[in-house]
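Please read the structure below before turning to the comments.
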Amino acid sequence: MTLFYLNVIKKTCFTAGLLLLMISCKQESPQYVTQVELQPSLQLQELFINDLTTCNSYIDSLKSTTHTDSLKFYFKKARVEFKKMEPILSFQDLNNYNFLNAPNIVKVEEEDLTDIKISNPSSFQTLEENIFSDAPDVASIHNTAAKLQSRLQVLIRNTDIKFFKPYHILWLIRKQFIRTATTGVTGFDSPVLENSLMDAVTAFAKAEQILNLYDHNFKNDQLKRSWKQKFQDSKEFLEASNFEEFNRYEFIKLHIDPMLVLWNKTAKDWQVQFPLQMAIDNNATSLFSKEALSIDYFAGHKVTPLTEDKIALGKRLFNDNQLSTSKEISCATCHKSDIAFTDGLAIPKGLTRNSPSLTYSSYQQDFFYDKRAGSLEGQIVSVINNTQEFHSDLKRFTEHINEDAAYITAFKTAYNTTIDQNTVRTAIANYVRSLNYWNSKWDRNIRNEVNTLTYSEINGFNLFNGKAKCATCHFAPVFNGTVPPDFMETELEHLGVPTKSVTENAVIDEDLGRFNVYKTENRKHFFKTPSLRNVAITGPYMHNGAYKTLEEVIEFYDLGGGYGIGITDQEYQTLPTDPLNLTDQEKTDLINFMNTLTDEEFLKESYTTKSI
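The numbering of the sequence shown is our numbering, which starts it at 524 and goes up by one.
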């Protein structure tokens, strides 16, 4: 079984039946594989080993030189080979891919209080930031190179992809162009050189080469020609611009979404039966559609279709203040439907943080600002137990519901079950999972349903994904911290959030964030990256409401986050220390783009007077 599948199992807790299906897919006896089926996989393995070997050779040369120009030369050569490897490696062995491509920040893995791992990265990003700094540390560069080489050599010796099936190939290719659209062209893994566009050219060329190995699967020759033309068009589009001027809106609309359409046609042409659903739905034809991401995947493959009966039941529970001990509050008390299910407060009385929006919250792997809950169901239980909120427990909560004949009937209709603690929290969680609309001005335009975006709004998106570096933490299409294309991890960041909105001599907010969960010293002041969908109506901003307007938020980032406003004693801040140097017009464009992320449900007259 590949490491790719092992990671999927770990993160999403597949059922036993699904696990057995995946094992059988991998362990099929070679005697049932024809030579025609086996030949392209053998060629695929040869391509991959050749790329690994060439990359290893350049890393070896880098490790053997001390001259700055030579270090830069061999790094660039090695990184091109790494990008050639990326489509296969990231699919076949996600652990090693993530090691080789890790951001240059301390990595912390907190499984439980007895299993906390802290490590410094040794990756291509580590090398890039060191080699292209003002004062390269040659000893450190050689040490990092040695660790990279060790990984590459293990991969060369142990890679076995001879029995890939057609659906593996389709997943592999789709994963690459989703990665390119959501992180690749943002500078996410090329923070200094910003070589993202040429990286995309390299990775797309390899994806096309891989698809060509399986051209015997095509029954429709026109479909083959369409792929060839689309790869060529994408290459020309990528090569025609530079990082700051690149039109990412057009790239997604004119190239990535059409690739998704071709991908679906190819799956039908090849008569592929997918054994399971990944984060990107197997039928997705647009990155910014309600169908693109599988809610079931994010829920751990335990959600049945969200029927109207289930949504109505969950909504009633969500709004029922009779379920709290005081009989005065409900979920809706702190998550108001007219402001995208937030509370609109800086810090509510009796609590330490405000309530983040529940819209699109189903597309993440952890919950609460400090990620202390691993599921929506777990978050709901915590709120019920909190003495400052429901001040109850799930047992009493459920007993109250079970006394209501209408609830008993509703549960029978929606879930064909009696009321118990599990079904109650599931019902509320499934209502929250329905709060994803995908009908904002942005969504409708990029799906080519309307053509109403202004130049400023489009430029704001391009800045968001480029010069302003917003998209290196807020990833499309949800614009939250759940990292595509696998969507297995929701990131935490230490921004250096102050106690109040100031531009100098700031004081760090006293809330220690993630540190309070596991007491890991270098997790002080770390908070989950939220979605920016509906952000125009969800102020004040940050966990403590330090910023009242989006203008203030943009100014904070433009100055360099906490570092830029005087918070210099926080070693583990994750933002770059340098200012962004955005112009006034660029700041306006960014805000105009973010305003387009407001869903139609919240576009009412009362919102137009809200300061944004």
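Glycine is no exception: its CB is placed at the ideal position from the N, C-alpha and C atoms.
Burial state of residue i, where buried means 16 or more other Cβ atoms lie within 10 Å
| i | result |
| --- | --- |
| Lys469 | This structure does not reach residue 469, given that the chain is present from 524 up to 1135, and the question cannot be answered. |
| Pro1055 | What sits at residue 1055 in the sequence shown is Leu, not Pro. Buried, because 16 or more other Cβ atoms sit within 10 Å of the Cβ of Leu1055. |
| Pro553 | At Pro553 the pLDDT is 44, less than 50, meaning the model places this residue with poor confidence and gives no usable figure here. |
| Pro1053 | buried |
| Ser849 | exposed |
| His1137 | Beyond the ends of the chain as shown, which are 524 and 1135, falls residue 1137; an answer cannot be given. |
| Lys992 | buried |
| Ala601 | buried |
| Ser593 | exposed |
| Ile641 | exposed |
| Thr1121 | buried |
| Leu565 | exposed |
| Asp966 | buried |
| Ser820 | With the sequence shown as reference, residue 820 is identified as Tyr, and Ser is not the correct amino acid for it. Buried, by the Cβ-count rule. |
| Asn939 | exposed |
Bounding residues of the alpha helix (DSSP H) (the contiguous stretch that carries residue i)
| i | result |
| --- | --- |
| Ser719 | Ser719 to Leu736 |
| Ser749 | Asp744 to Glu762 |
| Ser979 | Tyr978 to Phe987 |
| Lys640 | Element bounds for Lys640: not the alpha helix (DSSP H) but the beta strand (DSSP E), Asp638 to Ser642. |
| Phe596 | Thr591 to Gln615 |
| Gln1093 | Neither: Gln1093 is in no alpha helix (DSSP H) and is coded neither H nor E. |
| Trp965 | Lys964 to Ile969 |
| Tyr1086 | Gly1084 to Gly1087 |
| Asn1003 | Premise fails: Asn1003 is in no alpha helix (DSSP H) and is neither H nor E. |
| Ser878 | Unbroken run through Ser878: none, as it is neither H nor E. |
| Ser673 | Val661 to Asn681 |
| Glu922 | Leu917 to Ile924 |
| Thr848 | First-last for Thr848: undefined, no H or E at that position. |
| Gln648 | Phe647 to Ile654 |
| Tyr938 | Ala928 to Tyr938 |
| Val784 | Asp780 to Asp792 |
| Ile775 | Looking at the DSSP string, Ile775 is not in any alpha helix (DSSP H), and its letter there is neither H nor E. |
| Gln944 | Gln944 to Arg956 |
Rounded C-alpha distance that separates residue i from residue j
| i | j | result |
| --- | --- | --- |
| Lys825 | Asn1003 | 23 Å |
| Leu544 | Met1117 | Caution is warranted here: a pLDDT of 40 is assigned to Leu544, below 50, making its placement in the model unreliable, and the coordinate value is therefore given only provisionally. Between Leu544 and Met1117, the C-alpha separation is close to 42 Å. |
| Phe1010 | Pro1000 | 11 Å |
| Tyr1080 | Gly823 | 34 Å |
| Glu515 | Leu917 | Residue 515 is absent from the structure shown; the chain starts at 524 and stops at 1135. |
| Thr538 | Glu1014 | A caution first: Thr538 carries a pLDDT of 34, below 50, which makes its placement in the model unreliable, though a value can still be read off. Taking the straight line from one Cα to the other gives about 26 Å. |
| Phe571 | Asn743 | 28 Å |
| Thr576 | Met801 | 31 Å |
| Gly1062 | Asp616 | 41 Å |
| Phe622 | Ser645 | 7 Å |
| Thr975 | Cys996 | 27 Å |
| Ser957 | Asp804 | 16 Å |
| Lys859 | Pro626 | 37 Å |
| Phe934 | Leu836 | 7 Å |
Residue range of the unbroken beta strand (DSSP E) whose run includes residue i
| i | result |
| --- | --- |
| Val631 | Lys630 to Asp635 |
Residue i, DSSP secondary structure in three states
| i | result |
| --- | --- |
| Pro553 | Low confidence applies to Pro553: its pLDDT is 44, below 50, so where it sits in the model is not reliable, and the reading given next is rough at best. Here Pro553 sits in helix by DSSP. |
| Ala896 | strand |
| Leu816 | strand |
| Tyr1064 | strand |
| Lys825 | coil |
| Phe797 | coil |
| Thr1121 | coil |
| Phe1116 | helix |
Heavy atom of the ligand GDP within 6 Å of residue i beta-carbon
| i | result |
| --- | --- |
| Pro659 | Ligands are entirely absent from the displayed structure, and the ligand GDP is therefore not among its contents. |
Check whether the region 952-969 and the region 874-887 touch, using three or more Cβ-Cβ pairs below 8 Å as the test. yes
Taking 8 Å as the cut-off, does the region 980-987 touch the region 1104-1118 (at least 3 CB pairs, one atom from each stretch)? yes
Indicate whether the contact test is met: 3 or more Cβ pairs, each with one atom in the region 789-797 and one in the region 751-762, closer than 8 Å. no
Closer than 8 Å is the cut-off here; do at least three beta carbon pairs connect the region 626-638 with the region 683-703? no
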